[in-house]
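K.L.:
I have a structure here, written as structure tokens, and I will follow up with some questions on it.
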Ligand SMILES: Cc1cc2nc3c(=O)[nH]c(=O)nc-3n(C[C@@H](O)[C@H](O)[C@H](O)COP(=O)(O)O)c2cc1C
Ligand SMILES: Cc1cc2nc3c(=O)[nH]c(=O)nc-3n(C[C@H](O)[C@H](O)[C@H](O)COP(=O)(O)O)c2cc1C
Ligand SMILES: Cc1cc2nc3c(=O)[nH]c(=O)nc-3n(C[C@H](O)[C@H](O)[C@H](O)COP(=O)(O)O)c2cc1C
Ligand SMILES: Cc1cc2nc3c(=O)[nH]c(=O)nc-3n(C[C@H](O)[C@H](O)[C@H](O)CO)c2cc1C
Ligand code: SF4
Ligand code: SF4
Ligand code: SF4
Ligand code: SF4
Ligand code: FES
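Residue numbers (my numbering), protein chains in the order written: chain A, 14 to 311; chain B, 2 to 345; chain C, 4 to 210; chain D, 4 to 209; chain E, 723 to 1181; chain F, -8 to 187.
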């Protein structure tokens, strides 16, 4: 009885089964054969990344398929995280593959802004009313008196994809917790104020100025500019003064009594701490801002 | 001496034109068709234009407020959108529908793309297209001009509902284009089109959208824009020319069925579209060559829809379709710098 | 031989499971197909039931009925509606044709003598909502109830309550209305002729 | 995304949340857009579609989990496709038998579940790497997440497009339905705006 | 060619900006102020910066070179006065921001600059007396650079170059910038000198013909130059042509198009099509250098603008500060203004009034608040309405709005694809834009971005 | 003549009137994903056109030679998808091996298309519309591909412009693309009724 039912069912079902069997088997055969005959050699790293990807070829990353994304992400690590289906886990694997490429030796480089003048510290000659971009403003002579200091229109802020930069009170300031050391900001600054410095320590001592004006001019332009007096160089041989500007050799920098002394001796207090370990970059309260309320003059 | 020096990039002087001036010019030009609308549709014109302008402005203000951006009402582009939307709606469309259309036009047609200048599609036409898709009934219910039907000037709110009940008895008025559609179906277009009909479409004493009926008023408005150089002649000319050629070809092929090309020029939204809608700078190509192509496309598609398609009127769809390809036109007909492409 | 071994190693799972899946599908199909077939028949007839009061069951007409629609020959399934006692209370069939936007599919019911229409219903249409779509509404459909099988005429205005061959079109949707009129009158006319030819209904003169 | 870690309950909870919200297939991954748009003119077809997807997802996840160790790299995707297509066919048959009206309404969108990226994505990302419990939870979570999203979309469209929810009139009589919401326009716009809203609420920028 | 036909000579695009030349048009050239300090910038031209050849406290005499350099594209700078070098220090520079200058304290006896004597350039001035090498050498030693604005060392331009044989010389007397009249005045007052300079330059460059292009709003200048150049009886293939008054008719690419009907390849330079373009003031300077051996230490500057009390054209020592010049002209009548070195279309706004003028400073235009207000400041800026006006006026047929918006969105390669590099920064697009967008500014910014990007590439 | 007309009309209809993207919601994933740049969009369009023509034809043949009217009809979906996926994969491998430059320009889009429902959808629609001549099936499939190419290129043009626009942050990317597609779908309604 049951047997008859089963037989009945079988008789109506077997063609479908065979059909699919032949289709499945046929394709398996053809594909296996083809994958051997038509193999193309690819970069093992691309292969590695490709394998880490979900292989959905869904196009969510904006590329034609996983293979293309694998290639692209290898060339441009900024695309990391583009694979939505794979999510964070996949990105982590890719990041692993990518990092094999960058043979990183020495401490990580992080940006340091070589200016410490906030809005109130600077002298302005004129009111700039153009494109709100440092590059545009820098192309015009003397938008602010100091030709070397931070313009504060934030080209670097816009360049940072990680939101690590801000410009409170007109001075570009790095949030080292967010910074990945990608160098985008240092490339963006038209005044080359942002230098990628090997951070050997949690905080780095910095001469936060780039002005090579004479002391008199610097004084007239900026309350916190380096006047090249050379007091720091007298304390520590890590400092040197040329063209009215003190410089610190970051490569050789180690914290010591001498450097501390140099910092405390600096008459304009332009030697400051920068870095994740620095408490709020030296900025002696708000008095400066008040003092220099009407800094502009003709 | 100088206590406040200003600096900025060159140039340090600039021409007299401003966005607001451009928009005000368009509004001035639109006074002609608005006056015609007022004459033929009386109080309905006032209500409809008022509703659309106010709700477009309100929608724009609201969108700016939501994005916490300064309001952009003072460039008057929302007013232009409002007026053009109103002029392209049936005169007695209920106010709530006009509000829905206006809000849609501004919010979806314009502000989501980033506001003035960023929108891909003509906002007024987006609003109208949404109304057409949503409320087909309201968008195909026409009104006789007041000069033909003295009862027109009364507002009776029940009218639309009444119309719905009477629908089966064919009480609502058709437009010249609906007539032409029937003419094509019955194959007697050339037969029944006469001077009197032509005269009616020129003066505007026919049914249709609020601002589209009077060819003469539209031509005057268009002339004003051309004289003020608010628009170039390229787009209107290309639209009208291609429409004329298309209609003419059909007419030559079978003058019994297809109506005379003059009819197509003077009736429906073609003139409104050619002078005021296809010329919207934001959604038209930038280059002269691009404008020719664009106008050609609008004219041809309009006639294609009118003659081959099933909708009686095609200006709106033609404009929207050409808006969509405007970026491609701009790219294909990109201006080549003087002296050829630099070999960088 | 290496190749075959390799091949089997790689693909045995696929082969086995495709076979099993094939069986699974077939079995499911076998179990469900009667129901599916029944659904198909019901779909048409549920609508027709509303048009033809007192009908108990629908009997498919065995004979092959072919009519011309839009220049093409098309086979049409016609059902005979029988009341409980088994007498013929009407006929029903589905017909389609081009509307304003896309194809309109109708189910049409005719009285027992194939003389007068018993009405129609819309199976599928994508006409504009609240414009062409109004063909689904009673005020339009009721015009067809009692209208004669034969040439119907679409008119722009007139009396909607008269049971005559004049069908008043929906204003704003003349095209859709005319399409419906055309579909119904042409298919009903042709089917009537075919049925008469096959002797399934009496000739008009015999009535 | 092989889920590792000691706390099983934690993994389950995470899987569940991922599917329902954090990695919601529609809002977050932007996958399976076609059915999302096509079947959401009203809530009922959306629900039906959701049910079908849950069924297929569940079945295929289970089957694939069971044979995850036997899969060969070259034929893996073929195997997934086969499995999914089989269950889709079965779902389609059931629909035809027990929900003929819906089956007709959904038309080819039921077989199109085969190419719905969500399912093959779960097969690849989850089922072929995890144990059965996780796979099942994942399938349910993803499926329900998908269904809920469809329903939200459909509810908006049905409400504005015909003034009803699940065919019950909700809007006042005076409300004239916005027919456009039932058309392609409505589908694209509603999904676009909804996505925008989700982005806004979660503070994510594209 | 007769004037009637020639009138229509022009190029495609451009604008008809308000001329405003009437402020100084009728003001003859007057000696400039006697100054308390001159700061001779060491970089006044395109090319390498000079090195100072004097030290603090050195005594220098008028015409003595204070900065020299050996690079090919460079020009020496000279002291305009007798005096003592006070320092070599940074001074504000209109283009470079802060740059080195030799600051000279003039002798107490030093008088205001006198106008140079003009009589030695007779109408039948004979350039054959000087060999081409002699001319080039004199031009080099005199430190002459293009006085039309760009400041490209003139010697490099006129010296025969085997890569680009030159057959046509175009003398640019268009002065298309609004407000400025310095070239107009010298064409009227120094006609003979210019004529001589043209002949000398022609001889040096070995060109077979010279075409002088002057906008048709200066008929008297056209007549004067025509008379001077044809007075000798021989025309020497020199012709004076009227071109249409339209900005930027004076741009060399536009002028070449107008006069010769030829286009300079985009991104290319005139020598590529065998043309060299010189400004009329440059021609005058050549004549002085060659005939009198006088280096380029003074130039005519138009001090103008609604905010200037006594606008006029002055013969000024190069190195004079903007402030001193403005004060010399009766200072300004407004508190709030914009001080522009050059004309309002292409000039550079300066913030530091101590900025010294250089060889390329043809004008100081001080715009009042009202003028500024009409321009960039009070008028409301809106988004681009894609009206296409900027495309229509762009003399280089670019798509300014696309380029500017690409720069704004930081898509520099998109800007590059739209030929950003071909922009001559004429400012027409910004001028006409109804939305008041600083298109030119964005494009300039974009070029800087691009230059920086390119510079980084090799690393 | 008559068939020619039918084919032309059918072709135009499927390109504009029944455009897969705007009226049938097929292929939306790549439509959203790969419409960022015109060159990519065009490559994708070409690839879809190729694959859709290939698979439309093949599945039509299989359908008509093997399936219709036999008990095998139940395996239709499985057959279709296997044919599409297998064929695409083969073509991709083939191109990659023998025509690398062609592969770079459009072959890279091939795998993505397998999971694009436009392909399977079209095959199913061919069945649903009861297309009953091979020629018609080929023309319709090709037209569907052209329709997709057109839609995605238009969208890519628009999106390239939108890159320069101040679109609200939360609407950037997919949302604004969807909204644009909505308006486009509305515009395409202009073609409705043009071909019946
Ligand atoms: C949005 C819109 C939808 C329409 N839908 C239909 C329709 O579904 N059916 C139809 O026959 N005509 C439709 N039409 C066309 C009719 O409005 C058109 O006027 C037709 O030629 C017949 O007009 P009449 O019935 O008033 O004579 C539509 C028009 C528009 C603008
Ligand atoms: C890189 C470079 C090379 C140049 N080479 C030559 C040259 O070989 N010969 C020449 O006569 N002018 C040369 N010029 C000068 C230009 O043709 C042009 O006269 C100069 O830039 C001033 O143009 P402007 O005043 O129109 O801005 C060169 C300019 C640049 C920037
Ligand atoms: C937009 C623009 C406008 C210019 N207008 C003038 C002008 O009016 N008069 C002039 O002599 N040079 C003008 N120039 C500079 C010329 O292009 C060219 O550099 C100059 O005539 C070369 O001569 P020079 O080397 O002697 O200065 C202009 C340049 C540009 C880019
Ligand atoms: C000549 C001209 C025509 C215009 N036409 C329209 C129009 O058809 N529809 C509209 O919404 N706005 C129109 N505007 C206003 C404005 O450009 C439009 O709202 C923008 O698309 C908004 O970004 C027009 C403006 C001008 C100057
Ligand atoms: S741009 Fe890069 S290096 Fe600079 S602050 Fe941001 S993350 Fe750090
Ligand atoms: S650091 Fe440089 S880029 Fe950043 S705000 Fe300052 S000047 Fe601008
Ligand atoms: S793009 Fe450059 S060349 Fe063109 S108008 Fe603007 S500034 Fe002048
Ligand atoms: S002139 Fe201004 S508003 Fe017009 S297209 Fe150019 S940038 Fe846009
Ligand atoms: S392409 Fe249709 S669901 Fe992805």
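By construction, the Cβ of each residue, glycine as well, lies at the ideal position given by its N, Cα and C atoms.
Would you please state the rounded distance, in angstroms, between the beta carbons of residue 143 of chain D and residue 14 of chain D? I believe it to be under 8 Å.
P.N.:
As a position in the fourth chain, residue 143 of chain D is number 140, starting the count at 1. As a position in the fourth chain, residue 14 of chain D is number 11, starting the count at 1. 14 Å between Cβ atoms; not a contact.
K.L.:
Under a criterion of Cβ closer than 6 Å to any non-hydrogen atom of ligand 5, which residues qualify, in chain order?
P.N.:
Taking each Cβ in turn, the ones that pass are A:124, A:172, A:173, A:175, A:177, A:178, A:187, A:192, A:193, A:194, A:195, A:196, A:197 and A:198.
K.L.:
Just verifying my parser: in three-state terms, what is the DSSP assignment at residue 85 of chain C?
P.N.:
Here the question's residue 85 of chain C lines up with position 82 in the third chain. Of the three classes helix, strand and coil, the one that applies to residue 85 of chain C here is strand, per DSSP.
K.L.:
In chain order, what residues of the same chain lie with their CB nearer than 7 Å to the CB of residue 81 of chain B, ignoring the 5 residues before and after it?
P.N.:
If you number the second chain from 1, residue 81 of chain B lands on position 80. 24, 27 and 28.
K.L.:
Does ligand 3 have even one heavy atom less than 7 Å from the beta-carbon of residue 185 of chain F?
P.N.:
In the sixth chain, the residue the question calls residue 185 of chain F occupies position 194. Outside the cutoff, so no.
K.L.:
Could you check whether the Cβ of residue 1165 of chain E sits closer than 7 Å to any heavy atom belonging to ligand 7?
P.N.:
Sequence index remark: in the fifth chain, residue 1165 of chain E carries index 443 (1-based). True, at least one ligand heavy atom lies under 7 Å from that Cβ.
K.L.:
Given this structure, state the Cα-to-Cα distance separating residue 209 of chain D from residue 232 of chain B, to the nearest angstrom.
P.N.:
For the purposes of this step, residue 209 of chain D is taken as the residue at position 206 of the fourth chain. For the purposes of this step, residue 232 of chain B is taken as the residue at position 231 of the second chain. With a pLDDT of 42 at residue 209 of chain D, under the threshold of 50, the modelled position of this residue cannot be trusted; read the value that follows with caution. Roughly 37 Å between the two C-alpha positions.
K.L.:
Start and end of the alpha helix (DSSP H) containing residue 1 of chain B?
P.N.:
Absent from the model: residue 1 of chain B. The displayed extent of chain B is 2 to 345, so no value can be given.
K.L.:
Cβ of residue 70 of chain B versus every heavy atom of ligand 4: is any distance shorter than 7 Å?
P.N.:
Mapped onto the second chain, residue 70 of chain B falls at position 69. Every heavy atom of ligand 4 is 7 Å or more from the Cβ of residue 70 of chain B, so no.
K.L.:
For the segment 98 to 160 of chain B, list the alpha helix (DSSP H) runs that are entirely contained and at least 4 residues long, ordered along the chain.
P.N.:
Runs found: 124 to 135 and 137 to 140.
K.L.:
Mind pulling the alpha helix (DSSP H) runs of 4 or more residues that sit fully within the segment 217 to 261 of chain A?
P.N.:
With a minimum length of 4 residues, the continuous alpha helix (DSSP H) runs that stay inside the segment 217 to 261 of chain A are 228 to 234 and 244 to 248.
K.L.:
Would you list the one or two residues that DSSP bridges to residue 1036 of chain E?
P.N.:
Numbered from its first residue, the fifth chain carries residue 1036 of chain E at position 314. Note: residue 1036 of chain E sits in a beta bridge opposite E:752 and E:1023.
K.L.:
If you drop the 5 nearest sequence neighbours on each side, which residues of the same chain put their C-beta closer than 6 Å to that of residue 125 of chain B?
P.N.:
The residue you call residue 125 of chain B lines up with position 124 of the second chain. Taken in chain order, the residues that qualify are 82, 85, 86 and 106.
K.L.:
May I have all residues whose beta carbon comes closer than 6 Å to any heavy atom of ligand 6, sorted in chain order?
P.N.:
This criterion selects A:126, A:147, A:163, A:164, A:165, A:166, A:167, A:168, A:169, A:180, A:185, A:201, A:202, A:204, A:206 and A:207.
K.L.:
If you measure between the beta carbons of residue 1040 of chain E and residue 1081 of chain E, is that distance less than 8 Å?
P.N.:
Within the fifth chain, numbered from 1, the residue matching residue 1040 of chain E stands at position 318. Within the fifth chain, numbered from 1, the residue matching residue 1081 of chain E stands at position 359. Yes.
K.L.:
With which residues is residue 160 of chain A paired in a DSSP beta bridge?
P.N.:
By 1-based counting over the first chain, the position of residue 160 of chain A is 147. Partner(s): none; residue 160 of chain A has no beta bridge.
K.L.:
Tell me the DSSP bridge mates of residue 286 of chain A?
P.N.:
Within the first chain, residue 286 of chain A is the residue found at index 273, counting from 1. BP columns for residue 286 of chain A point to A:218.
K.L.:
Enumerate, from N- to C-terminal direction, the unbroken alpha helix (DSSP H) stretches of 4 or more residues contained entirely within the segment 1114 to 1165 of chain E.
P.N.:
Complete alpha helix (DSSP H) runs here, min 4: 1122 to 1130, 1134 to 1139 and 1150 to 1154.
K.L.:
Residues of chain A with a CB under 9 Å from the CB of residue 70 of chain F: which are they?
P.N.:
For the purposes of this step, residue 70 of chain F is identified with residue 79 of the sixth chain, where counting begins at 1. Within chain A, the residues near residue 70 of chain F are 32, 33 and 36.
K.L.:
Since residue 31 of chain C meets chain D, which of its residues come closer than 7 Å, beta carbon to beta carbon?
P.N.:
On the third chain, position 28 is the one that residue 31 of chain C refers to. Under the 7 Å cutoff, chain D gives 93 and 96.
K.L.:
One question on the structure: do residue 896 of chain E and residue 880 of chain E come within less than 8 Å of each other, judged by their Cβ atoms?
P.N.:
The residue given as residue 896 of chain E occupies position 174 in the fifth chain. The residue given as residue 880 of chain E occupies position 158 in the fifth chain. Against a cut-off of 8 Å, the Cβ pair of residue 880 of chain E and residue 896 of chain E comes out as no contact.
K.L.:
Between residue 145 of chain F and chain D, is any beta-carbon pair separated by less than 8 Å?
P.N.:
Along the sixth chain, read from residue 1 onward, the residue named residue 145 of chain F stands at position 154. No, residue 145 of chain F does not count as interfacial toward chain D.
K.L.:
Any heavy atom of ligand 7 inside 7 Å of the beta-carbon of residue 1162 of chain E?
P.N.:
As a first step, residue 1162 of chain E must be located in the fifth chain, where it is residue number 440. True, at least one ligand heavy atom lies under 7 Å from that Cβ.
K.L.:
Checking 8 Å against the spacing of the C-beta atoms, do residue 49 of chain D and residue 157 of chain D come in under that value?
P.N.:
Along the fourth chain, read from residue 1 onward, the residue named residue 49 of chain D stands at position 46. Along the fourth chain, read from residue 1 onward, the residue named residue 157 of chain D stands at position 154. Closer than 8 Å, so yes.
K.L.:
Does any C-beta atom of chain F lie closer than 8 Å to the C-beta of residue 145 of chain D?
P.N.:
Counted from its first residue, the fourth chain places residue 145 of chain D at position 142. Judged by the 8 Å Cβ criterion, residue 145 of chain D is not in contact with chain F.
K.L.:
DSSP three-state call for residue 335 of chain B: helix, strand or coil?
P.N.:
Residue 335 of chain B sits at position 334 when you count from the first residue of the second chain. In the structure shown, residue 335 of chain B sits in coil (DSSP, three-state: anything other than H, G, I, E or B).
K.L.:
Kindly examine ligand 3 and report whether one of its heavy atoms sits closer than 7 Å to the Cβ of residue 874 of chain E.
P.N.:
For the purposes of this step, residue 874 of chain E is taken as the residue at position 152 of the fifth chain. It does: the Cβ of residue 874 of chain E is within 7 Å (strictly closer) of some heavy atom of ligand 3.
K.L.:
What separation, rounded to the nearest whole angstrom, lies between the Cα atoms of residue 102 of chain C and residue 195 of chain C?
P.N.:
Mapped onto the third chain, residue 102 of chain C falls at position 99. Mapped onto the third chain, residue 195 of chain C falls at position 192. In a straight line, the C-alpha of residue 102 of chain C is about 23 Å away from that of residue 195 of chain C.
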